[in-house]
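**Q** This is the structure, below, for whatever I ask next.
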Ligand code: ADP
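Residue numbers (full-length UniProt numbering): 122 to 398.
Written as structure tokens, this is what we have:
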């Protein structure tokens, strides 16, 4: 790409057009390759639970006169069905965050409500592992964005924090306002999700935001993971004009920080005709 760009700059007009066309084609081919990879990955991820379900249903039929075996197989079928449901749901979420403009129906979104919702979503797995969840600093803060998509992003981060932590640890969610660069300019809201879990190596930190990338596929599958969660989080953050970052020490824990544009009273009044509560 770089070599092409350089020669495009020094070439006369006619060949520059040709070179730009070549660059476009290269980009189109790259996108096509990414799409093909994605379809291959999805097919593979769908085949695993479907294959397991098919084998388990055969096992149930063979064990029809052994009630204990039937109920054991049925339990495993339920796990596979849940995995399939999660995967389909996350695929739908991913395609939604990629295709829609999240700011089209943007509104001031209360951070305390987002955080409470995310905690609620992970309440069951957290209580099973006796993980305590606590939040702070969330009141009075508002993000400018799409409520459903922001909830999906934060929900994923909290879910991961619980999934990749041992029993009897703590997950903390804190929020703060970071002022904008100039006096009176719009600031950012930072929401940090901190766990005392397994952590992520430096090498893996670069890749975890890719679709289907998992540090330990077996462990991720055991917790119903799909490898799509962080890709969704990254898309949501970027499409809101924000970003997501990670800080981690292996064996000690991780902090994922979402940085998103704040909603301000003045801005909201012009856009929405009212001031946020
Ligand atoms: P998954 O559905 O597997 O959780 P994600 O896209 O949400 O997929 O995360 C990708 C991978 O990043 C996970 O499989 C896991 O290996 C790693 N990961 C994500 N969050 C954490 C965390 N809080 N602590 C340790 N590892 C994490």
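Just so it is clear, CB atoms sit at the ideal spot from N, CA and C, and this is done for glycine as well.
Using only the alpha-carbon positions, how far apart do residue 197 and residue 139 sit?
**A** Between residue 197 and residue 139, the C-alpha separation is close to 58 Å.
**Q** From this set, 358, 375, 310, 322, which residue's C-alpha is nearest residue 385's C-alpha?
**A** Cα-wise, what sits closest to residue 385 is 310.
**Q** Does the count of Cβ pairs from the region 264-280 and the region 215-228 closer than 8 Å reach three?
**A** Cβ pair count under 8 Å is three or more, so yes.
**Q** Since residue 381 sits in a beta bridge, which residues does DSSP pair it with?
**A** 310.
**Q** Have a look at residue 291 and residue 330 and give me their C-alpha separation to the nearest angstrom.
**A** Near 23 Å, if we compare the C-alpha coordinates of residue 330 and residue 291.
**Q** Verify whether the separation of the beta carbon atoms of residue 230 and residue 278 is less than 8 Å.
**A** Cβ distance not < 8 Å, so residue 230 and residue 278 don't count as in contact.
**Q** The ligand ADP and residue 352: does any heavy atom of the ligand fall closer than 7 Å to the residue's C-beta?
**A** Residue 352 Cβ: within cutoff of the ligand ADP.
**Q** Closest to residue 213 by CA distance: which of 166, 353, 361, 168 is it?
**A** Nearest C-alpha to residue 213: 353.
**Q** Which residues does DSSP list as the beta-bridge partners of residue 185?
**A** For residue 185, which the question treats as bridged, DSSP gives no partner whatsoever.
**Q** At a threshold of 7 Å, does residue 293 count as lining the ligand ADP (C-beta to nearest heavy atom)?
**A** False, no ligand heavy atom lies under 7 Å from that Cβ.
**Q** Does DSSP put residue 253 in a helix, in a strand, or in coil?
**A** Strand, per DSSP.
**Q** Identify, in the order they occur along the chain, each residue of the same chain with its Cβ nearer than 6 Å to the Cβ of residue 371, setting aside the five sequence neighbours on each side.
**A** Closer than 6 Å at Cβ, skipping near neighbours: 320, 322.
**Q** Taking all protein chains shown into account, decide if residue 254 is buried (16 or more other Cβ within 10 angstroms of its Cβ) or exposed.
**A** Buried, since its Cβ has 16 or more Cβ neighbours within 10 Å.
**Q** Residue 258: which of 236, 246, 245, 275 sits nearest, CA to CA?
**A** For residue 258, the nearest C-alpha among the options comes from 236.
**Q** Near residue 173, what residues of its chain come up, given a Cβ to Cβ distance below 6 Å and the 5 sequence neighbours on each side ignored?
**A** Taken in chain order, the residues that qualify are 201.
**Q** Give me the Cα-Cα distance between residue 141 and residue 180, rounded to the nearest whole angstrom.
**A** Between residue 141 and residue 180, the C-alpha separation is close to 59 Å.
**Q** In three-state terms, what does DSSP make of residue 374?
**A** Three-state result, residue 374: strand.
**Q** Can you tell me whether residue 170 is buried or exposed, with buried defined as 16 or more other CB within 10 angstroms of its CB?
**A** When all chains shown are included, residue 170 counts as buried.
**Q** Residue 162 and residue 332: beta carbons closer than 8 Å?
**A** Their beta carbons are under 8 Å apart, which means residue 162 touches residue 332 by this criterion.
**Q** Would you identify the three-state DSSP class for residue 293, choosing helix, strand or coil?
**A** In the structure shown, residue 293 sits in a strand (DSSP, three-state: E or B).
**Q** Is residue 335 near the ligand ADP, judged by its Cβ being under 7 Å from some heavy atom?
**A** Answer for residue 335: yes, Cβ within range of the ligand ADP.
**Q** Going straight from the alpha carbon of residue 166 to that of residue 340, what length do you get?
**A** Those two C-alpha atoms are separated by around 15 Å.
**Q** On the criterion of 16 or more Cβ atoms from any shown chain inside 10 Å, does residue 131 qualify as buried, or is it exposed?
**A** Note that residue 131 scores 48 on pLDDT, short of 50, meaning its location in the model is unreliable and no value can be drawn from it.
**Q** Tell me the rounded alpha-carbon separation between residue 382 and residue 252.
**A** So the two alpha carbons sit approximately 30 Å from each other.
**Q** Under the rule that 16 or more other beta-carbon atoms within 10 Å means buried, what is residue 63, buried or exposed?
**A** Beyond the ends of the chain as shown, which are 122 and 398, falls residue 63; an answer cannot be given.
**Q** With DSSP collapsed to three states, give me the class of residue 203.
**A** If DSSP states are grouped into helix, strand and coil, residue 203 belongs with the helices.
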